[in-house]
Structure formats: structure tokens, C-alpha cells
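K.L.:
Supplied in C-alpha cells, the structure appears directly below.
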Amino acid sequence: MKLQNSFILREYLRPQAFPTTWCPGCGLGIVMSSIAQAVHFRGLDKNNVAMVSGIGCTGRMSGYADFNTLHTTHGRAPAFATGLKMARPDMSVIVVMGDGDSMSIGGNHLVHAMRRNIGLTAVVVNNAVYGLTGGQSSPTTPVGGRTSTAASGSFERPMNLETLARAAGAAFYARATVNQTAALTRLIERAMGVSGFALVEVVSNCHVLYGRMNELGDASQMMKSMEEQTRRVNPVLLRRAAAPLRLTSAGSPATPVSTATAQGVHQDPRVPRGVIFERHGSRDYSSRYYAMLEQKARARA
Amino acid sequence: MDIVARGIYRINLYRELCKACGLCIAWCPQQVLFPDAQGYPLANAIERCVNCKACERHCPDFAIEVIPPEPESEIADVPSLIHAR
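Sequence order for the protein chains is A and B.
Position in the first sequence (from 1) plus 1 gives the number in the numbering used here.
Position in the second sequence (from 1) plus 93 gives the number in the numbering used here.
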């Protein structure tokens with residue numbers, strides 16, 4: 002199921018602002034299309050959806066999407082979005098950030114939004130480089146990746162956002178690529194239904210800066226290489242890890258399938274895509290906060 | 094058994110939005126689209142189109158769309174949308 006592009010343009014975007022300032026072939030347009038479709042398929046009113054963005058190529062997205070939009074300071078999009086969600090807990094808040102925006106400049110804000118488990122849908126577009134400012138190394142530049150600040154190859158260890166989200170307490174983490182567009186739409190759609198902080202990392206391409214400096218080819222070649230660089234996580238095994246298989250009798254020990262499937266995975270150089278983890282029974286900070294206020298008021302009365 | 098009718102789909106190209114990135118041409122599994130001299134796609138072999146929408150899904154600029162006989166959603170008039178100020 003795919004909405005017609007002209008329908009998305011009319012209903013969920015601001016066509017007067019088009020064409021976008023993004024480079025030809027940039028994956029950000031695909032991400033924007035997926036967000037618009039996810040909002041449509043969730044049946045949300047676009048006047049009840051807010052998009053918050055920071056600075057960077059991704060930050061431009063709030064200018065093109067026809068939701069309630071906030072274009073905020075560099076890296077502080079989760080902080081602004083936290084305030085918005087606390088003031089309007091009924092609103093679906095989507096935060097779009099780039100990798101440098103979310104992990105280096107706004108790393109602190111992202112960690113604390115995840116710690117509070119506030120009900121935001123964060124879309125982190127990861128293209129491994131600072132695109133807008135001319136191709137400097139970002140926190141996710143892979144080891145050996147040539148950038149304009151690491152001409153002979155980056156030797157820093159890239160940041161692992163997945164482990165950070167798990168440790169900080171995010172409710173949902175999924176990874177998608179701009180190549181698998183239907184999966185990207187479905188994962189954003191699912192993340193928007195999570196109560197709590199849902200993070201979708203989107204592996205995107207910067208063929209103009211990172212691709213050219215590392216001889217990765219044009220946009221279509223970079224997108225096609227995502228097919229080999231990622232592997233799909235098995236959703237059945239993920240469900241079994243949440244509810245481990247049992248032998249037939251009730252008193253018998255549960256078989257820890259999650260540890261069994263993890264064997265050999267760490268040797269796989271490919272990055273997993275799909276739902277990486279989901280914290281069941283998670284509850285949004287804003288709804289917990291308002292419930293607490295109500296309880297206090299009732300106790301006083 | 095259903096027989097897939099060929100040549101019933103239309104492709105709309107919006108030249109004002111297109112940036113000639115070539116993604117639609119690269120992704121078309123049926124070789125419907127061909128680049129012209131400037132790199133813009135031309136639907137030269139439209140009769141081969143099978144409505145997979147790979148071009149439409151991968152277009153970052155919303156510049157191409159496949160129109161089946163019964164579209165999933167409405168078709169809007171894109172040129173008038175862009176120039177409405």
C-alpha cells in the first residue's frame with residue numbers, strides 16, 4: 002500500500018516550498034514521505050501531530066511537512082519536544098534529527114529524553130557525516146571512513162545508538178534503511194503507537210560528501226549497498242525472546258531462546274534492521290505525570 | 094488464474110520537482126524509464142509497467158507517480174499546488 006505522491010504532497014506537505022533544498026538523490030525525501038504515510042495510516046489528524054527538528058539537512062524537514070512544526074536550535078529538538086509533549090500530552094510529537102544533531106551536539110538531550118521515557122517518536126537519520134556544513138566526521142562515521150576532517154580515514158570508534166537507547170531506557174528501538182521504504186513506513190507507524198520514547202534510526206545516504214570521499218558511488222549504488230550491509234532481524238525470534246519457549250509441562254524450565262539466537266550474531270558484520278528491542282508495558286512520562294497530579298489532588302481533597 | 098493486463102498504468106512526471114537524480118531509473122525492475130539528455134526520466138516503455146511503484150517509493154522529491162486505473166488515494170493537480178502562493 003502506497004499513497005499517491007501527489008496526494009502526500011497535497012495533504013501532508015507544503016508544496017509551495019518545493020522543490021526541496023536537499024541534494025538530488027538524498028534519502029531525506031524518502032524519510033519525509035514515510036513519516037507522512039505513517040501519520041496517514043495511523044489515522045491521525047495532521048493538526049494533532051507536531052514535528053520538531055533541529056539544525057542540519059534533516060532540520061529542513063519541518064519546513065516542508067505540513068504538521069505543527071518547530072524548527073529549533075542545534076541538538077535541542079528533544080528538549081523542545083519534551084516541553085511540547087508535557088504541555089499537550091494528546092499530541093503526537095515526531096522529532097526528526099540527524100546523526101550529528103542527535104548524538105554529538107544534542108547527545109545530552111537525547112539521553113535525558115530517553116531516560117524520562119517521554120512519549121516522543123524520534124527519527125534519527127544516520128548518514129555517517131555532517132552534511133550541511135561540508136562533510137566533517139560525525140559520531141557515527143565508521144572506522145576508516147574518509148571525511149573532510151579525517152582525510153586519511155576516521156580512527157574514532159563510532160557511537161552505538163542502539164546500546165545507548167537500551168541503557169538510557171527508551172521504550173522502542175528500530176532500525177530501517179531508506180532502501181527498504183515499505184519497512185521504513187511500517188516501523189515509523191509502529192513507533193508512533195508506542196507509549197514512551199520510540200526511536201527509529203534510519204540509515205541514509207550522503208553520496209555527495211561521504212559517498213564521494215569514500216568512492217561509494219552515486220545515490221542508487223549507495224542505497225543498493227545497504228541491502229548487503231544490513232540484515233533483517235527475525236521478528237519471530239524477537240517475540241520468542243519476550244516470551245521464551247517452554248517445554249510442555251508447566252514446571253519445566255523456560256528455554257532461553259534469546260541467548261541461543263545471539264550466538265554467531267556478533268560475528269556478523271552486517272547491521273541488523275527491523276525492531277531491535279521493545280520494552281513491554283512501558284508508559285509515557287506525560288501520562289504518568291498527569292496521573293500523579295490527579296492522584297495528589299484527590300488525596301488532598 | 095488472473096491475467097496481468099499490461100499497459101493500463103500511467104506514469105506522471107513532474108518536471109518542476111524532479112532533480113534528475115536517477116533513482117527511479119535505477120530502481121525500475123521492468124526498464125520502463127530511460128534518462129533523457131539532461132538525466133530526467135522518460136517513460137518510454139510504459140507498456141511494460143507493472144505498478145510496483147518502486148520509482149514512486151524511492152523518489153525523494155515526489156516528482157513521479159504511477160497511476161493505476163483505481164488509485165489508492167486521490168490524484169492531486171501538482172503544478173497548481175506548487176504555484177499556489
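Note that beta-carbon positions come from the ideal geometry of N, C-alpha and C, so glycine has one too.
Source: prediction; values computed, not measured.
#1: Quick check on V195 (chain A): buried or exposed, where buried means 16 or more other Cβ atoms within 10 Å of its Cβ?
#2: From the beta carbon of D129 (chain B), is the nearest beta carbon of chain A less than 8 Å away?
#3: I need the boundaries of the beta strand (DSSP E) containing H72 (chain A), first residue and last residue.
#4: Please go through the same chain and pick out, in chain order, the residues whose beta-carbon is closer than 6 Å to the beta-carbon of M87 (chain A), but skip the five residues on each side of it.
#5: Give the DSSP-derived three-state secondary structure of G120 (chain A) in the structure shown.
#6: By alpha-carbon positions, which one of A:D269, A:E157, A:T73 and A:N49 ends up nearest to T59 (chain A)?
#7: Tell me, please, whether the CB atom of C121 (chain B) is closer than 8 Å to any CB atom in chain A?
#8: If you measure between the beta carbons of G135 (chain A) and G146 (chain A), is that distance less than 8 Å?
#9: Hey, how far is the Cα of V126 (chain A) from the Cα of F173 (chain A)?
#10: Find the residues of chain A that neighbour L106 (chain B), judging by a C-beta separation of less than 9 Å, and give them in chain order.
#11: Can you confirm whether I188 (chain B), when its beta carbon is compared against all beta carbons of chain A, has any partner nearer than 8 Å?
#12: Taking E202 (chain A) as the reference, give the member of A:G28, A:P20, A:A151 and A:F42 with the closest Cα.
#13: Report yes if the C-beta distance between M62 (chain A) and M33 (chain A) is below 8 Å; otherwise report no.
#14: Which same chain residues, not among the five before or five after D269 (chain A), have their C-beta less than 8 Å away from its C-beta?
#15: Scan the segment 214 to 230 of chain A for residues whose Cβ lies nearer than 9 Å to a Cβ of chain B and list them as they occur along the chain.
#16: Among B:I101, B:N105 and B:G100, which one has its Cα closest to the Cα of F155 (chain B)?
#17: Less than 7 Å between the CB of A172 (chain A) and some heavy atom of the ligand FAD, yes or no?
#18: Using a Cβ-Cβ cut-off of 7 Å (strictly less than) and excluding sequence neighbours within five positions of I101 (chain B), which residues of its own chain qualify?
#19: Closer than 8 Å by beta-carbon distance: list the chain A residues that pair up with P134 (chain B), in chain order.
#20: With DSSP as the reference, label V40 (chain A) as helix, strand or coil.
#21: Which residue comes first and which comes last in the alpha helix (DSSP H) that contains P128 (chain B)?
#22: Could you name the residues of the segment 142 to 164 of chain B whose beta carbon sits closer than 8 Å to any beta carbon of chain A, in the order they occur along the chain?
#23: Roughly how many whole angstroms lie between the Cα atoms of A199 (chain A) and G120 (chain A)?
#24: Check whether the segment 109 to 128 of chain B touches the segment 291 to 302 of chain A, counting contact only when three or more Cβ pairs, one atom from each stretch, lie closer than 8 Å.
#25: Quick one: which chain E residues come within Cβ less than 8 Å of L110 (chain B)?
#26: So what does DSSP say about Y174 (chain A), is it helix, strand or coil?
#27: Could you tell me the distance, in whole angstroms, from the CA atom of R116 (chain A) to the CA atom of R103 (chain B)?
#28: Compare the C-beta of L126 (chain B) with all C-beta atoms of chain A and state if any pair is closer than 8 Å.
#29: Are the beta-carbon atoms of A37 (chain A) and I9 (chain A) separated by less than 8 Å?
#30: Do you know how far the Cα of T182 (chain A) is from the Cα of V209 (chain A)?
#31: What residue from A:D285, A:T164 and A:P236 has the CA that sits closest to A114 (chain A)'s CA?
#32: Counting only Cβ pairs nearer than 7 Å, list the residues of chain A close to V101 (chain B).
#33: Mapping the DSSP letters down to three states, classify Q137 (chain A) as helix, strand or coil.
#34: To which residues does DSSP link V94 (chain A) through a beta bridge?
#35: Taking the alpha-carbon positions, what's the C145 (chain B) to R299 (chain A) distance?
#36: Starting from R274 (chain A), trace the beta strand (DSSP E) both ways and give me its first and last residue.
P.N.:
Walking through what the data contain:
#1: So V195 (chain A) counts as buried.
#2: No - not a single Cβ of chain A is within 8 Å of the one on D129 (chain B).
#3: N69 to H72
#4: Closer than 6 Å at Cβ, skipping near neighbours: S287.
#5: Coil, per DSSP.
#6: A:T73
#7: no
#8: No, Cβ-Cβ distance for G135 (chain A) and G146 (chain A) is not below 8 Å.
#9: 16 Å
#10: None at all; the shortest Cβ gap to chain A is about 11 Å.
#11: Nothing about residue 188 (chain B) can be reported from this structure: the residues present for chain B run from 94 to 178 only.
#12: A:G28
#13: yes
#14: In the same chain as D269 (chain A), and ignoring 5 residues on each side of it, the C-beta atoms closer than 8 Å to its own belong to R232, in chain order.
#15: D219, A220, S221, Q222, M224 and K225
#16: B:N105
#17: Looking at this structure, you won't find the ligand FAD or any other ligand, since it has none at all.
#18: The answer, listed in chain order, is P162.
#19: Under a criterion of Cβ atoms nearer than 8 Å, no residue of chain A is adjacent to P134 (chain B); the nearest Cβ is some 12 Å distant.
#20: Helix at V40 (chain A).
#21: Segment L126 to P128 is the beta strand (DSSP E) holding P128 (chain B); no alpha helix (DSSP H) there.
#22: K146, E149, R150, H151, C152, P153, D154, F155, A156, I157, E158, I160 and P164
#23: 7 Å
#24: no
#25: Looking for chain E here will not work: the only protein chains present are A and B.
#26: strand
#27: 50 Å
#28: no
#29: yes
#30: 21 Å
#31: A:D285
#32: Looking at the sequence itself, residue 101 (chain B) is Ile, so the reference to Val does not match. Residues of chain A passing the Cβ test: none, with the nearest at roughly 16 Å.
#33: Residue state for Q137 (chain A) is assigned as strand, using DSSP reduced to three classes.
#34: A:A51 and A:L121
#35: 57 Å
#36: V272 to E279
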